[in-house]
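Undergrad: One structure, as structure tokens, below. Some questions next.
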Amino acid sequence: MKTPPPPQSTTSLPRAPRDEAQTRMRKYFIMMSVRVVCFVLMVVITPYGWYTWVLAVGAIFLPYIAVVIANVAVSSTDNLAVAPERVLPASPTEMPVPTDTAGIIRLHETKAIAPEHRRDPTEATP
Numbered sequence: 180m181k182t183p184p185p186p187q188s189t190t191s192l193p194r195a196p197r198d199e200a201q202t203r204m205r206k207y208f209i210m211m212s213v214r215v216v217c218f219v220l221m222v223v224i225t226p227y228g229w230y231t232w233v234l235a236v237g238a239i240f241l242p243y244i245a246v247v248i249a250n251v252a253v254s255s256t257d258n259l260a261v262a263p264e265r266v267l268p269a270s271p272t273e274m275p276v277p278t279d280t281a282g283i284i285r286l287h288e289t290k291a292i293a294p295e296h297r298r299d300p301t302e303a304t305p
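See below:
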């Protein structure tokens, strides 16, 4: 018989999709901002030289690099947490029994009364 898998630990779960998407968008936005700066500097700096070509290469190839970097998934092997089951005690400890019973209400159940012995509430009591 197969044993069921252990419950998933919250420390070993991957990042939330919303958080991962936000991180990817932030990386993409930063790379596109660098691209815009490269393009503006390429046009604005007037004595054209070797740096103009470097800025042009940055403005041309940064979109491809930004898409590749933004689409790289975060590695899930970074979270190597200890399972919480190893930290818990093997058996629960006994709870102390309170000696003061002044504020305790005890309920005791009785066996069900057979239908033929039940009293009809509309009948008059003798």
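Throughout the sequence shown, residue numbering follows the numbering used here, covering 180 to 305 in sequence. Ideal Cβ placement from N, Cα and C applies to all residues, glycine included.
(1) To the nearest angstrom, how far is the alpha carbon of L234 from that of T202?
(2) Given a threshold of 16 other Cβ atoms within 10 Å of its Cβ, counted over all protein chains shown, does R214 qualify as buried or as exposed?
(3) Going by CA-CA distance only, name the one from K206, A249, Y243 and I239 that's closest to V219.
(4) Could you name the residues of the same chain whose beta carbon sits closer than 8 Å to that of N250, not counting the 5 residues immediately before and after it, in chain order?
(5) Which two residues bound the contiguous alpha helix (DSSP H) that contains A200?
(6) Evaluate L241 with the Cβ neighbour count: other Cβ atoms within 10 Å of its Cβ, from every protein chain shown; 16 or more gives buried, anything less gives exposed.
(7) Excluding the five sequence neighbours on either side, which residues of its own chain have a C-beta within less than 8 Å of the C-beta of M211, listed in chain order?
(8) I need the straight-line Cα distance from E386 to I224, nearest angstrom please.
(9) Using a Cβ-Cβ cutoff of less than 6 Å, which residues in the same chain neighbour C217 once the five nearest sequence positions on both sides are dropped?
(10) For G228 and M221, I'd like the C-alpha separation in whole angstroms.
TA: Answer, in terms of the structure:
(1) As a position in the sequence shown, residue 234 is number 55, starting the count at 1. As a position in the sequence shown, residue 202 is number 23, starting the count at 1. Looking at the two C-alpha atoms, the distance is approximately 26 Å.
(2) For this step, residue 214 is matched to residue 35 along the sequence shown. Residue burial is scored here from C-beta neighbours: R214 has at least 16 other C-beta atoms within 10 angstroms and is therefore classed as buried.
(3) As a working note, residue 219 is residue 40 in the sequence shown. That would be I239, whose Cα lies nearest to the Cα of V219.
(4) To locate residue 250, count along the sequence shown from 1; it is residue 71. Only R203 meet the Cβ criterion.
(5) Residue mapping note: residue 200 aligns to position 21 of the sequence shown, counting from 1. P196 to V223 is the span of the alpha helix (DSSP H), which, as asked, contains A200.
(6) Residue mapping note: residue 241 aligns to position 62 of the sequence shown, counting from 1. By the Cβ neighbour-count rule, L241 is buried, with 16 or more other Cβ atoms within 10 Å of its own.
(7) In the sequence shown, residue 211 corresponds to position 32, counting from 1. Excluding residues within five positions, the ones whose Cβ falls inside 8 Å are L241, P242 and A245.
(8) Outside the shown range of the chain, which is 180 to 305, sits residue 386, and nothing can be said about it.
(9) On the sequence shown, residue 217 is found 38 positions in, with the first residue counted as 1. Closer than 6 Å at the Cβ level, and outside the excluded window around C217, lie L234, G237 and A238.
(10) Here residue 228 is taken as the residue at index 49 of the sequence shown, counted from 1. Here residue 221 is taken as the residue at index 42 of the sequence shown, counted from 1. Those two C-alpha atoms are separated by around 10 Å.
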